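Colleague: Numbering of the sequence shown is given in the numbering used here, commencing with residue 3 and proceeding in unit increments.
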Amino acid sequence: MKPYMTWTLLLVVHQLGLVCSSTDSEPLFLTPLIEQNNYQEARAKSRVELFAKEADATAHSGFVTVNKTTGSNLFFLYIEAKTNPSTAPLMLWTQGGPGLSSLFGQFLQIGPLAIDADGRLHERLQTVQEDASVIYLDVPVGAGYSFTKDPLGYAQSLEDISAAVVEFLRQFLVLFPEYKGRDFYVAGESYGARYGVAIANHLLTAQVKRVPLNFKGAVAGDGFLGPIFDIADSSEFLYEASMVTQEGRDAFAKQFDQMKNLFGQGKVLEALTILLHTIFTDDTSPTLFQNLTLYNNQASALYSEQPANMRKYYEYANTKGFRKAIHVGLDVPFQRDNRVLLTSLALDYVRDITVQLELLLNTSKVLFYTGQVDTLFPSNKLRDYFRTLNWAGASEYRSAPRQVWSANGGSDGISGYVVRVRDFTEAVVLGAGHYAAVDKSNEINHLLKNFITSCSTIA
Numbered sequence: 003m004k005p006y007m008t009w010t011l012l013l014v015v016h017q018l019g020l021v022c023s024s025t026d027s028e029p030l031f032l033t034p035l036i037e038q039n040n041y042q043e044a045r046a047k048s049r050v051e052l053f054a055k056e057a058d059a060t061a062h063s064g065f066v067t068v069n070k071t072t073g074s075n076l077f078f079l080y081i082e083a084k085t086n087p088s089t090a091p092l093m094l095w096t097q098g099g100p101g102l103s104s105l106f107g108q109f110l111q112i113g114p115l116a117i118d119a120d121g122r123l124h125e126r127l128q129t130v131q132e133d134a135s136v137i138y139l140d141v142p143v144g145a146g147y148s149f150t151k152d153p154l155g156y157a158q159s160l161e162d163i164s165a166a167v168v169e170f171l172r173q174f175l176v177l178f179p180e181y182k183g184r185d186f187y188v189a190g191e192s193y194g195a196r197y198g199v200a201i202a203n204h205l206l207t208a209q210v211k212r213v214p215l216n217f218k219g220a221v222a223g224d225g226f227l228g229p230i231f232d233i234a235d236s237s238e239f240l241y242e243a244s245m246v247t248q249e250g251r252d253a254f255a256k257q258f259d260q261m262k263n264l265f266g267q268g269k270v271l272e273a274l275t276i277l278l279h280t281i282f283t284d285d286t287s288p289t290l291f292q293n294l295t296l297y298n299n300q301a302s303a304l305y306s307e308q309p310a311n312m313r314k315y316y317e318y319a320n321t322k323g324f325r326k327a328i329h330v331g332l333d334v335p336f337q338r339d340n341r342v343l344l345t346s347l348a349l350d351y352v353r354d355i356t357v358q359l360e361l362l363l364n365t366s367k368v369l370f371y372t373g374q375v376d377t378l379f380p381s382n383k384l385r386d387y388f389r390t391l392n393w394a395g396a397s398e399y400r401s402a403p404r405q406v407w408s409a410n411g412g413s414d415g416i417s418g419y420v421v422r423v424r425d426f427t428e429a430v431v432l433g434a435g436h437y438a439a440v441d442k443s444n445e446i447n448h449l450l451k452n453f454i455t456s457c458s459t460i461a
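(1) So G373 packs on H448, CB below 8 Å; how close in whole Å?
(2) For chain C, find out if any of its Cβ atoms is closer than 8 Å to the Cβ of Y241; answer yes or no.
(3) Grab me the residues of D441's own chain with a C-beta within less than 6 Å of its C-beta, minus the 5 sequence neighbours each way, in chain order.
(4) List the whole-angstrom C-beta distance separating E398 from G418, where the pair is believed to meet the contact cut-off of C-beta under 8 Å.
(5) Short of 6 Å in beta carbon distance, which residues of its chain neighbour D185, apart from the five on each side in sequence? Order them along the chain.
(6) With C-beta atoms as the reference, is G113 less than 8 Å away from I81?
(7) Taking buried to mean at least 16 other C-beta atoms within 10 Å of its own C-beta, is N86 buried or exposed?
(8) Figure out for me which residue from E242, T67, F77, N39 has the closest Cα to the Cα of H329.
(9) Does the stretch 93-100 touch the stretch 136-146, meaning 3 or more C-beta pairs lie closer than 8 Å?
(10) Return the CA-CA distance between L171 and L110, expressed in angstroms with no decimal places.
(11) If you run the structure through DSSP and keep just helix, strand and coil, what is M245?
(12) Could you check if E169 is buried or exposed, using at least 16 other CB atoms within 10 Å of its CB as the buried criterion?
(13) What would DSSP say about Y187, mapped onto helix, strand or coil?
(14) Assuming Q405 is part of the beta strand (DSSP E), what are its boundary residues?
(15) According to DSSP, which residues form a beta bridge with R486?
(16) CB-CB under 7 Å to G73, same chain, minus the five flanking residues each way: which ones, in chain order?
(17) From L450 to Y371, what does the alpha carbon distance come to, in whole angstroms?
(18) Determine which residues share a DSSP beta bridge with D376 and list them.
(19) What's the gap between the Cα of P309 and the Cα of L32?
(20) What's the gap between the Cα of D425 and the Cα of A409?
(21) Assuming W407 contacts A429 under a Cβ cut-off of 8 Å, what Cβ separation, rounded to an integer in Å, is found between them?
(22) Less than 8 Å between the beta carbons of Y318 and S306, yes or no?
(23) In whole angstroms, what is the alpha-carbon distance linking V21 and A54?
(24) Can you list the alpha helix (DSSP H) stretches of 4 or more residues lying completely in the stretch 294-340, in chain order?
(25) From this set, L332, D252, T286, which residue's C-alpha is nearest L294's C-alpha?
(26) To the nearest angstrom, how far is the alpha carbon of L378 from that of N40?
(27) Could you check the C-alpha separation between K211 and L205 for me, to the nearest Å?
(28) Check M3 in the structure and name its three-state DSSP category.
(29) Would you mind working out which of K182, V50, I201, F226 sits nearest Y193, comparing C-alpha positions?
(30) List the DSSP bridge partners of W95.
(31) If you measure between the beta carbons of G121 and K314, is that distance less than 8 Å?
(32) In its own chain, which residues sit with a C-beta less than 8 Å from the C-beta of R400, not counting the 5 before and 5 after it?
(33) Verify whether the separation of the beta carbon atoms of F282 and Q300 is less than 8 Å.
(34) Pull the bridge partners of K442 from the DSSP assignment, please.
(35) Using C-beta distances below 7 Å, list every residue in its chain close to P380, excluding the 5 sequence neighbours before and after it, in chain order.
(36) List the endpoints of the continuous beta strand (DSSP E) containing A429.
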């Protein structure tokens, strides 16, 4: 082929956006391409062929630099809606921890590509991805594949996290301008629910609108929203579930009384240290929860060890082939328990976000769901907290009757209980623990679909 023909062909290929998806061993940083207006190249290189092959889904992934000074980069996986992608709403999904990767949600909860207990990939038949495009974002830096080169880059507050997410969204909309003006939802489980409230608050109150999205509402699953020393006190639940004896219940409750007293004296770090050694799990030094229950998994009354599909997910997400497929490279660490991040956010554990949550309830659609057998944040504790909130629909909510709902038309019995007041939906998911969307994926996707499409969640 003559030289001029070669260059002409390359130019045409580039202009058509047919540059091959990157499968390099190096991470794909999209910000330089965005700043150079090389949008087609960025979109082409960021394509993830794995999702097209395994789940017939259009996906892109890579890193977006949100702070050049500290070298802070957020990893994302964006998957396009299967139905009406040109008009479908956009959802941002974040995971808890703090520190878990949002890939947890994609593979184990709501995404189109699932992994089973044997480590096999398969298409998830019921997924919110049918009706919404979803950005799975590892946030803050130190979570999953997101990283920073400077210790000062770690978030110390929800405002830090919100600012990073807003900068990410700004660049995302430059790369994918078709989403400008679309309906937008934020969603997250556990600690991720706090991110959602903070991000929503930023979008609702910002003087300068940096992201041209039509914010519609938030989803908070098993959310860490109320005072930690109240909502995490599972002493009565553990006793009622026969996981501890009466003496064990009293020992658990005594620890929480001590935490509350220390917190009241301003001894925050001492209170948090006791919390750490009470409710969580530790492979090297068993916590009170482990010693009393003999469980090594703090999430659900239904299983004492981490489920096999979770273990297989963590193995798969760190494999060389998958790393190359999602453009994170071979050397960026895959994190889920970053102690620097946990320390940096320590004071946020005791921060009261009631005002922000009440603003959200007054202005936007909110879906809040809890797991019936959540041992970390018992459902009744979370619902009791919501009953203390003051918002326009508070009195209606406190007197509203519960109704049953079913994700399968009633053929498998009821899926849970629901209360709907104005634009607020509260759901209890039967047979679900702290990771409700892992235990009951179809049911959670049913809730999400109906919430986004404004259908009734009551069957």
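Virtual Cβ for every residue (Gly too), placed ideally from N, Cα, C. Since the model is a prediction, treat every value here as computed from it, not as a measurement.
Modeller: Taking the coordinates as given:
(1) Actually they do not touch by this definition, with Cβ atoms about 15 Å apart.
(2) Included in the structure is just one protein chain, with no chain C present.
(3) The answer, listed in chain order, is A434, G435.
(4) By a beta-carbon distance limit of 8 Å, E398 does not contact G418. Their separation comes to about 20 Å.
(5) Same-chain partners within the cutoff: P91, N216, K218.
(6) Yes; because the gap between Cβ atoms is below 8 Å, this pair is in contact.
(7) A residue is called buried once 16 or more other Cβ atoms fall within 10 Å of its Cβ, and N86, having fewer, is exposed.
(8) The option with the nearest alpha carbon to H329 is F77.
(9) Per the Cβ contact rule, the stretch 136-146 is in contact with the stretch 93-100 (3 or more Cβ pairs under 8 Å).
(10) Taking the straight line joining both Cα atoms gives about 24 Å.
(11) Coil, per DSSP.
(12) The residue is buried, with at least 16 neighbouring Cβ atoms inside 10 Å.
(13) Judged by DSSP in its simplified three-state form, Y187 adopts strand.
(14) Q405 -> beta strand (DSSP E) spans 405-407.
(15) Residue coverage of the chain in this structure runs from 3 to 461, which leaves residue 486 outside it and unanswerable.
(16) Answer for G73: T150, K151, D152, G155, listed in chain order.
(17) Near 10 Å, if we compare the C-alpha coordinates of Y371 and L450.
(18) Within the DSSP secondary-structure output, D376 pairs in a beta bridge with S302.
(19) Roughly 35 Å separates the two Cα atoms.
(20) Note on geometry: alpha-carbon atoms of D425 and A409 lie some 20 Å from one another.
(21) Right, the Cβ-Cβ distance comes to about 7 Å (below 8 Å), so this counts as a contact.
(22) No, the pair does not count as a contact, with Cβ atoms beyond the cut-off.
(23) Residue confidence is low: V21 scores 45 on pLDDT, short of 50, so the model does not pin down where it sits. No coordinate-derived value is stated.
(24) DSSP runs (the alpha helix (DSSP H)) wholly in the stretch 294-340: 310-319, 322-327.
(25) Of the candidates L332, D252, T286, the one whose C-alpha sits nearest the C-alpha of L294 is D252.
(26) Cα-Cα distance, rounded: 46 Å.
(27) The straight-line gap from Cα to Cα measures roughly 7 Å.
(28) For M3, the pLDDT reaches just 43, beneath the cut-off of 50, and the residue's location in the model is therefore unreliable, leaving the point undetermined.
(29) Relative to Y193, the option among K182, V50, I201, F226 whose CA is nearest is F226.
(30) Paired residues: Y138, A189.
(31) Taking 8 Å as the Cβ cut-off, G121 and K314 qualify as a contacting pair.
(32) Excluding residues within five positions, the ones whose Cβ falls inside 8 Å are R389.
(33) Cβ distance < 8 Å, so F282 and Q300 count as in contact.
(34) Per DSSP, none; premise fails for K442.
(35) Closer than 7 Å at Cβ, skipping near neighbours: S236, F239.
(36) First-last of the beta strand (DSSP E) with A429: 426-431.
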